[in-house]
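Asker:
Protein chains: 2
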Amino acid sequence: MKISTRFSDAIHLLAFIHIYKGQIPLSSETIAGSIETSPVMVRKLMGELRRAGLIETTHGTPDPKLAKATDDISLLDVYLAIEKEKPLFQIDYKTNPDCIVGGNIQETLKEYYNQAEVAAKAKLNSIKLSDVIDTILVKQKEKDAFKREIEQ
Amino acid sequence: MKISTRFSDAIHLLAFIHIYKGQIPLSSETIAGSIETSPVMVRKLMGELRRAGLIETTHGTPDPKLAKATDDISLLDVYLAIEKEKPLFQIDYKTNPDCIVGGNIQETLKEYYNQAEVAAKAKLNSIKLSDVIDTILVKQKEKDAFKREIEQ
DNA sequence: TTATTTGTAATTTTTGTTATTACATCTATT
DNA sequence: AATAGATGTAATAACAAAAATTACAAATAA
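These protein sequence lines are chains A and B, in that order. Once you know that position 124 of the first sequence is 824 in my numbering, the rest is easy, because the numbers rise by one and skip nothing. Once you know that position 5 of the second sequence is 705 in my numbering, the rest is easy, because the numbers rise by one and skip nothing.
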């Protein structure tokens with residue numbers, strides 16, 4: 701199949717809206733240009749973020765807004781908006797039920813996988829969109845400073 | 701993102717070897733019957749587990765052995781043997797480098813994603829193959845007891 | 001030396017992801 | 001109110017990674 705970057709793209713989208721709001725028109729076309737994906741994909745992601753209460757959009761108007769402060773949106777909020785109930789670690793449910801291992805491995809791993817998944821989610825919940833945006837802006841400043849340096 | 705069922709199947713394989721060792725011949729055919737996959741897949745997984753030092757096999761002989769005690773093999777050991785460097789959360793590397801967001805999102809998310817990944821891995825490292833096997837055996841005993849009950 | 005099995009490579013099949021096409025619906029402007 | 005430009009969504013095609021299959025050399029054990 702193909703590896704999904706939807707979570708990564710959704711964070712990109714939110715940061716983009718916050719950083720470029722008021723600067724350029726925020727159409728799905730414009731946003732898609734930054735993510736380098738299709739406008740349809742952007743609109744689909746925005747639909748999921750809207751239903752999760754993270755952004756507000758108006759039908760027909762290219763002007764999405766964040767529905768909350770950037771320090772009130774965690775990466776877990778975004779993850780859940782996009783990935784929903786999808787487990788982080790995939791369990792093989794097609795095993796031989798008549799075997800001691802095949803018949804009990806699912807229930808067993810479900811417990812242990814969940815512990816690891818919760819640990820990751822707790823960490824995602826501690827990271828806010830504001831952290832991501834701050835880091836992006838710092839990295840950009842560093843790039844600009846280095847660029848000026850080698851130009852002299 | 702997301703992990704295939706190979707991780708799940710590898711744990712299955714190790715538990716199967718431990719539980720059925722000496723009881724039945726442990727050919728890739730037999731093991732594949734419990735996982736409900738192909739013998740070739742089993743041999744591939746066994747190859748990776750062998751190279752990671754978790755099992756010992758002999759070419760031509762259907763008799764794999766665990767290379768360590770079951771409480772000395774953690775789920776993280778198995779995960780790393782199978783998934784190697786593969787990140788738990790996928791970053792979209794194809795974004796517009798001329799955009800502030802598109803040009804810095806990868807480096808930014810790499811840091812934060814890694815924090816979440818480490819949290820999950822630390823938890824996986826605390827769970828041992830012995831825990832998995834104990835849980836499987838307890839669940840089987842419970843099944844057997846319940847089955848006897850409704851038969852009377 | 002023969003049957004069985006492992007170890008691997010190469011190829012095909014399967015399946016989830018992304019891209020594309022199409023269009024109804026809404027907004028804003030004239 | 002008519003038009004241009006946008007969103008929201010469904011349906012379909014194209015694509016890419018995983019799993020299954022096929023094939024066979026090399027090793028073991030009888």
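We put the CB at the ideal spot given by N, CA and C, even for glycine.
1) Nearest chain B C-beta to H759/A closer than 8 angstroms, yes or no?
2) So, under 8 angstroms CB-CB, S801/B and H712/A are touching, yes? Tell me the CB distance rounded to an integer number of Å.
3) Between the alpha carbons of K841/A and N825/B, how many angstroms are there, rounded?
4) Pull up the distance between the alpha-carbon of E817/A and that of R848/A, whole angstroms please.
5) So if DSSP puts L766/B in a beta bridge, which residue, or which two residues, is it bridged to?
6) Determine whether the Cβ of D771/A lies closer than 8 angstroms to any Cβ atom of chain B.
7) With 16 as the cutoff for other CB atoms within 10 Å, does K721/B come out buried or exposed?
8) Measuring CB atoms only, is the segment 723-741 of chain A touching the segment 784-802 of chain A, in the sense that at least three cross pairs come out at less than 8 angstroms?
9) List, in chain order, every chain A residue whose beta-carbon is nearer than 7 angstroms to that of L824/B.
10) Please give the ranges of any alpha helix (DSSP H) in the segment 789-839 of chain A, keeping only runs that are unbroken, at least 4 residues long and fully inside the region.
11) If you compare alpha carbons, which of R706/B, Q852/B, I833/B, V838/B is closest to D771/B?
12) Return the chain-ordered list of same chain residues with a C-beta closer than 8 angstroms to the C-beta of I724/B, the five sequence neighbours on each side being excluded.
13) Any idea if P787/B is buried or exposed, counting beta-carbon neighbours within 10 angstroms, 16 or more meaning buried?
14) Between L754/B and I773/B, which are expected to be in contact by the criterion C-beta below 8 angstroms, what is the C-beta distance as a whole number of angstroms?
Answerer: In terms of the structure at hand:
1) no
2) In the sequence under discussion, the amino acid at residue 801/B is Val, which differs from the Ser named in the question. So it is a contact: roughly 6 angstroms between Cβ atoms.
3) 38 angstroms
4) 44 angstroms
5) I755/B
6) no
7) exposed
8) no
9) A816
10) 805-826
11) I833/B
12) T730
13) exposed
14) 6 angstroms
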